[in-house]
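Protein chains in written order, with the working numbering: chain V, 11 to 321; chain S, 1148 to 1646.
Encoded structure:
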C-alpha cells in the first residue's frame, strides 16, 4: 500500500513537472516562431506563468460538472497502467496495451460527451465534427498497434520495451512509426494546444463558462498528447532502454522532449488545417491505407517466416 | 498458429486430431508399423528395425505428420528384451509420438548404433546419442572438466579452439553415468515416488507428478479438484524456486555478488514455503496416485499469502539490479544465440524454446492439470540470446506468482479422503506416457507396468536437449562466455543421469 502511494506520488510529481515545462515551452516556442517575445525569461513572471494561469482559471469560476470530473479521473487512470520506467507502474497487468487503448478511446468519448453539453446547436455540431474527426485518427493508430503486437507477440508494454534491447521496433516498422507520428501531429492540430485561446473541447466553455472546467479540459488535452508520445516511444523507439552508460530514465525523458518539440515545430511549420474535409481526406486516403499495407506486409513477413520458413 | 490456438481452446479437438493422426499412420505406414497404441494424448508405435528408415522418412517429410523435432533416444530393458525408444515431437502441431524398436541383447551396441545412425539421417540431434570418443580425442585441444557450479557438474567439455574462440565443442556425459537404472524393479509402485525426484532435484515435484499422472491416465482416474489445485500450487512454487536458482547461477557466473546473495535469500524463502507445506525441499514425496499425500491447512495458505508480496517485491528489485545495469545487460546480450529453427530441430522445450520465439507451453497447449481455469500468459522472447532467456525466467516468476494468487483465491473447499492400496492393484501389461511442463521444459515419463510392478521406467528430461544443443551454441563464441552460456541453458544434472 505504501509502495503504491509512493508510486502515485512519483507519478504526480513527474506529471506536474512535465506539464509545467511543456506548457512553458509551448507558449515560449510558439511566441518565438510568431516573432513575438513570449514570456520574458529574466522576469520571475515568465517562469511562473503556467502556475499563474492555473490560478487564473481557478479564480474565474468554480463550476465543475460530473463529466469534467470523469475526464480528470480518466486522465489519471490512463497512467496507472502505462510503465514510465521499468519499475514505475502502478498496476502491472499483462495486457496493458489493450487497456491503454481502451482508456484512450474512453477519454476521447468523455471529452465528446462533455463538449456536447451545450444549448447551442451550432457549437454542438462543430464539436461533434471535431471529435468525430479525432476519433477517426485512432483507426490508423490501432492498426499500427496490431502490427506491433504481431511483431512482439505480447500485449504487455513492459515486455515490448524489454525486447527492444537489440533493435528498436522502428527498424521493423518504419512505416508504422511514420503513420503513428503523423497521426499524433494531426491530433495535436485538432486539439489546438499550440494555438492561442482556441480549444477543441472548450468551445462551449469559452461561451458558457470558464474556470476549473477549462483547466481540466486543457489538462486532458495535454494528457492525451503525453499519452500518445509515451506510447510512440514505448512501441517504436526503445522506451527506457539504456544507451551505453546513460540511464534509461534519462533517455526516455530526452526522447519525450525531442518528440514534443519536433511536434510543436511541425505544427507551427504546417498551415492550420481547419478544414475537416481535408483532414478526413488525409486520414482515409493516406494514413489508413498505408497502415493497412503495413499490416499486410507484417502478416506476410510473419507467415513466410514462421509457417513457411522462407525468410 | 491458428491451429495451435484452436487446440488450446478446444481440448476435445485434440482427441479428434489424435484419431486423425492415427488413421493417417495406419494409411501411410500400414506395413512398416507392427502396432499402434494410443497413450492418452500421444501415440506409441512398435516398429520393426528394418522398417525404421521408411517410418522416419515418412514422419519427417510427409506434410500430414510434419514431425520436425527429436526429443530423446533411450535404451531400456523390459524383461529379457531390450528396446530403443525414440521420442519425436512437433511444436507446430503440438503432438508427440514414440517409436519403440526391439533390439537383440547379443548385438546390443551395434544395433543401437545402427538405429541412432538411421535416425541421424533425418534428425541431426540424434548424432549426440552415439559414441563419440573418437571425435573428442581427434579434434579437441582443450578440456573443461565438470565444475563446482550446479548444472555444470555433470559433463566434461572437449573443445577445439582458435585463439580465444571455440571452433568445436564435444560434450561427454560419462561422469553422470550410474551403475544401474533398475532401482525400481524390486519396489512397489508407491515406493518409486520418492526415488524419482532425484531426476530433477531442483524441482522435485515434477517427476513425481509425471509418474503419478501417467498412472492416473492408465487407470482413467478422476482427480478431486482440491488436490489438483494443491498440485498446481506446489508446481508453481517449485517453478519460482527453480527460476530464482537460475538467477543465482547466472549472477554467480557474472560475478554480481550482491544479486547472488539477494537471489539466494529469495530462493530460501520459496523453499521454506515448500518445506512448510511438504516437509521437504529436494524430495517432496507429496504427490500420490489420485491425489496428494496430505491436505493443506489454512496455516499453510496463510504462509504463502504472507510471503508472496515480499517475494514479488524482492524479485522486482533483483530484476532491476540485474537487467537495469548496462554492463550486465551488455554481457548477456548477443551471447549464446539459439535461433528458432535449431531450437526446434534439437527438440528444445520450456523457457529456452520460448526465448527463441516459439510459443509452446504444455500448461496451455495440453491443458495440463487445471491450468485452463487460470488467466496467465506464456511469455516469449525474440532473439534467443542469454538476455532473452533471463528475461523469460523473470516473466515466468511473475506469472507463477499471479497463478498462485488465483489458486489461493479459488481454492475449492470440498475434499474427500479415500485410502486406496496401490500394491493391491494388478495391471495387465500396459504402457503409458505423460508429459509435464517442468521449469526446464517438457519432462516426459514412459512406463510399462505388469501386475503390481513397474517393468520399465524411461525418463526423458528436457535438460538433455539443452545440453546437446549447447555444442552448437558454443561454436564461434568466446572461451570466456562458456560458463555463461551453459548457465543460461538451465541444465539440471539429475536429468542427464543415465546408465
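For every residue, glycine included, the Cβ atom is placed at its ideal position computed from N, Cα and C.
No experiment lies behind these values; they were computed from the predicted model shown.
{"Item": "Any C-beta of chain V under 7 Å from that of residue 1377/S", "Value": "no"}
{"Item": "Cα-Cα separation, residue 1349/S to residue 1307/S", "Value": "32 Å"}
{"Item": "Chain-ordered neighbours of residue 1524/S on chain V, where CB pairs are closer than 7 Å", "Value": "104"}
{"Item": "Any C-beta of chain V under 7 Å from that of residue 1521/S", "Value": "no"}
{"Item": "Per-residue contacts from residue 96/V into chain S (C-beta, under 7 Å)", "Value": "1467 and 1471"}
{"Item": "Where residue 121/V falls: helix, strand or coil (DSSP)", "Value": "helix"}
{"Item": "Nearest-angstrom Cα separation, counted from residue 1464/S out to residue 1458/S", "Value": "10 Å"}
{"Item": "Limits of the unbroken beta strand (DSSP E) element including residue 1300/S", "Value": "Note, residue 1300/S: premise wrong, no beta strand (DSSP E); not H, not E."}
{"Item": "As assigned by DSSP and simplified to three states, the class of residue 90/V", "Value": "coil"}
{"Item": "Run of the beta strand (DSSP E) containing residue 1221/S, from where it starts to where it stops", "Value": "1216-1225"}
{"Item": "Beta-carbon proximity check, residue 195/V vs residue 93/V, cutoff 7 Å", "Value": "no"}
{"Item": "Unbroken stretches of the beta strand (DSSP E), 3 residues or longer, contained in the segment 1191-1277 of chain S", "Value": "1216-1225, 1228-1237 and 1242-1250"}
{"Item": "Alpha helix (DSSP H) segment containing residue 308/V, residue limits", "Value": "298-312"}
{"Item": "Buried or exposed (CB count within 10 angstroms, at least 16 for buried), residue 1289/S", "Value": "exposed"}
{"Item": "C-beta neighbour in chain S for residue 261/V, strict 7 Å", "Value": "no"}
{"Item": "Opening and closing residue of the alpha helix (DSSP H) in which residue 1450/S lies", "Value": "1445-1470"}
{"Item": "Rounded C-alpha distance that separates residue 280/V from residue 181/V", "Value": "27 Å"}
{"Item": "Runs of alpha helix (DSSP H) lying entirely within the segment 116-188 of chain V, each at least 4 residues, in chain order", "Value": "131-146, 148-162, 167-172 and 179-182"}
{"Item": "Neighbour list for residue 1542/S in chain V, Cβ cutoff strictly below 8 Å", "Value": "169"}
{"Item": "Check: residue 1193/S C-beta below 6 Å from any heavy atom of the ligand ADP", "Value": "Questions concerning the ligand ADP fall outside what the structure shown contains, since it holds no ligand whatsoever."}
{"Item": "Within chain V, the residues that residue 1480/S reaches when beta carbons sit closer than 8 Å", "Value": "175 and 176"}
{"Item": "Residue 1496/S vs residue 1354/S beta-carbon contact at 7 Å", "Value": "no"}
{"Item": "From 312/V, 234/V and 291/V, residue whose alpha carbon lies closest to that of residue 81/V", "Value": "234/V"}
{"Item": "Contact under 7 Å by Cβ, residue 1554/S with residue 1379/S", "Value": "yes"}
{"Item": "CA-to-CA distance, residue 39/V to residue 247/V, given in whole angstroms", "Value": "25 Å"}
{"Item": "Below-7 Å beta-carbon distance, residue 1527/S vs any chain V residue", "Value": "yes"}
{"Item": "Beta-carbon proximity list for residue 1535/S, same chain, < 6 Å, skipping 5 on both sides", "Value": "1502 and 1528"}
{"Item": "Beta-bridge pairing of residue 1315/S - partner residues as DSSP gives them", "Value": "1307/S"}
{"Item": "Span of the alpha helix (DSSP H), counted from its first residue to its last, around residue 41/V", "Value": "12-43"}
{"Item": "Inter-residue spacing [alpha-carbon to alpha-carbon] between residue 1419/S and residue 26/V", "Value": "44 Å"}
{"Item": "Rounded separation between residue 1225/S and residue 152/V - CA only", "Value": "60 Å"}
{"Item": "Beta carbon proximity, residue 16/V to chain S, threshold 7 Å", "Value": "no"}
{"Item": "Contact under 7 Å by Cβ, residue 249/V with residue 243/V", "Value": "yes"}
{"Item": "Simplified DSSP state of residue 1403/S, which is helix, strand or coil", "Value": "coil"}
{"Item": "Nearest to residue 1613/S (by Cα), restricted to the options 1628/S, 1642/S and 1598/S", "Value": "1642/S"}
{"Item": "DSSP beta-bridge partners of residue 1579/S", "Value": "1594/S"}
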